[in-house]
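Just so you know, we're using this note's numbering here: the sequence shown kicks off at 61 and counts up by one. Remarks on the structure that follows.
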Amino acid sequence: MAKIVVMPQLGLTVTQGKIGAWLKGEGDMVRAGEELVVVESAGATNTIQARDDEAGYLLKILVSDGEVAATSAPLAVIGEKGEDIGALLQRSGILLNDGAVAASDVVSDQVEYQGIEAIPGKVSPMAAKLAKDLHVDVDVLYHGRRVMEADVKEAAMAKATEDTVKAAKKVTEDKTKVAPRRQTIAENMVASWQTSPVITYNHSVDVTAIKEMRRKLNESMQGAVRIQYNHILMYVVTKALQDFPDVNASFEDNMLTRHRYINMGLAVAKDDGLIIPNVKNCEQRTLTDLANEAARLVAAVRNEQIGVDDISGGTFTITNLGAYGITSFSPIINQPELAILGVCAIVDTPVRSVGGEIIFKPLMNLSLTADPRVIDGMMAAKFLDRIAELLENPWLLLA
């Protein structure tokens, strides 16, 4: 018996998916557990396998490569070879693009002009004929007096002018429907803004010590993964979060949930949007282990191999715009987390030394956006101060 294959639920907040590629063609045999179709959504690429009850022949593909379908929407039909699926499609309300037309799409001229012709005197016969030829709605023109031929001509000219303006606008404006990933990002950003109030706090940090530490680590780790500033920041923030459990938490229905694990999200930019994979259980990892896992996740994002599990379950996020020269910004919280740390550019800045001399030091701004429903100003300031203390005195990480 034929079965309809539907778009699976790809994540808690994912409402649609884009068909990347069908791995089977119409008429091909499909065995249970075989890879059937590649679906893209929310920054992840998922290969969907045929379920145990979906074995048979791929009789009809309903959503083609590159098209978008909502969760639970029909994607294809699988059944016995040569099976008639017309009744199944009809029961499911599925119309095919091979000549089937909905009855509501067919409108006759008689119905279209019935309202005018049923009440004699509203429109002159010549005006009615001209309106039909020029596709003018005479109902719109009737304002208590009979619609004449001149009224129809005037309306037709106005419509022609409007169409010309629209055509010119199309030349100067390029409207494109955004990809599913960008749609998901837009929805998440709006939802975050509507869910919680936010305040951004900025703190300047002297990174002289970690610059030197990073240099020495990379010199001594030849052949291994190179330690990046992001890796050091993730390691330091993990230590700070252990001192501030309310920051590594979520808030819903007046209930504060403190997470005993730290899943650190790292925002990774792509041409079609931002993806936030997260390193699981950072509190159990060494700096090298954390760096290796972060490098694996970044590579998976860039190669379109990231999975839904890799972008789910985060408890805190870091986003770095320092490479673009940004010195301060207000990142948006990745719900249901309570805070996100923005990392800015390292800038050689003139400062006055203890002896009164003007010297240059590498300073970096940290921009913490926090949810004040839980994280008040004092907690945010102390949390940032703890991060700065560890960055400026990295030997404290051994304490």
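From the three backbone atoms N, C-alpha and C, an ideal C-beta is built for every residue, glycine too. Everything numeric in this text was worked out from a predicted model, so none of it was measured.
Check	Outcome
Cα-Cα separation between residue 208 and residue 191, rounded to whole angstroms	10 Å
Environment of residue 79 [buried if 16+ CB atoms lie within 10 Å]	buried
With 16 other Cβ atoms within 10 Å as the buried cut-off, status of residue 89	exposed
Cut-off 6 Å between Cβ atoms - residues of its own chain near residue 198, not counting five sequence neighbours on either side	176, 183, 191 and 207
DSSP bridge partner residues for residue 422 (one or two, in chain order)	408
Alpha helix (DSSP H) segments (min. 4 residues) lying fully within the stretch 255-323	268-280 and 289-303
Residue from 115, 127 and 246 with nearest C-alpha to residue 99	127
Residue burial classification, residue 346 (beta-carbon count within 10 angstroms, cutoff 16)	exposed
Where residue 185 falls: helix, strand or coil (DSSP)	helix
Residue 382 in three-state terms, based on DSSP	helix
Per-residue burial, residue 394 [other beta carbons within 10 Å of its own, 16 or more giving buried]	buried
Proximity below 9 Å, CB of residue 273 to CB of residue 342	no
Spatially closest choice to residue 298 from 251, 446, 193 and 327, by CA coordinates	446
Minimum C-alpha distance to residue 252 - residue among 429, 83, 449 and 439	429
Residues bridged to residue 77 (per DSSP)	129
Residue burial classification, residue 120 (beta-carbon count within 10 angstroms, cutoff 16)	buried
Enclosing alpha helix (DSSP H) for residue 440 [first to last residue]	437-452
Given residue 64 as reference, the closest of 149, 240, 317 and 288 once Cα atoms are compared	149
Assigned secondary structure, residue 377 (DSSP; H/G/I helix, E/B strand, else coil)	strand
Through-space distance from residue 240 to residue 67, alpha-carbon basis	14 Å
Contact between the stretch 398-410 and the stretch 426-445 (3+ Cβ pairs under 8 Å)	yes
Distance CB(residue 422)-CB(residue 268) smaller than 9 Å	yes
Residue 108 - partner residues in DSSP beta bridges	97
Exposure label - residue 238; buried when at least 16 CB within 10 Å	exposed
Inter-residue Cα distance where the pair is residue 362 and residue 389	25 Å
Whole-Å CB distance - residue 379 paired with residue 391, under 8 Å assumed	5 Å
Opposing strand residues paired with residue 427 [DSSP bridges]	262 and 402
Rounded C-alpha distance that separates residue 308 from residue 412	36 Å
The ligand FAD heavy atom lying under 8 Å from the CB of residue 81	This structure lacks the ligand FAD; in fact it carries no ligand of any kind.
Rounded Cβ spacing between residue 104 and residue 368 (contact assumed at less than 8 Å)	5 Å
Proximity below 9 Å, CB of residue 371 to CB of residue 322	no
Exposure of residue 453, with buried meaning 16 or more beta-carbon neighbours within 10 Å	exposed
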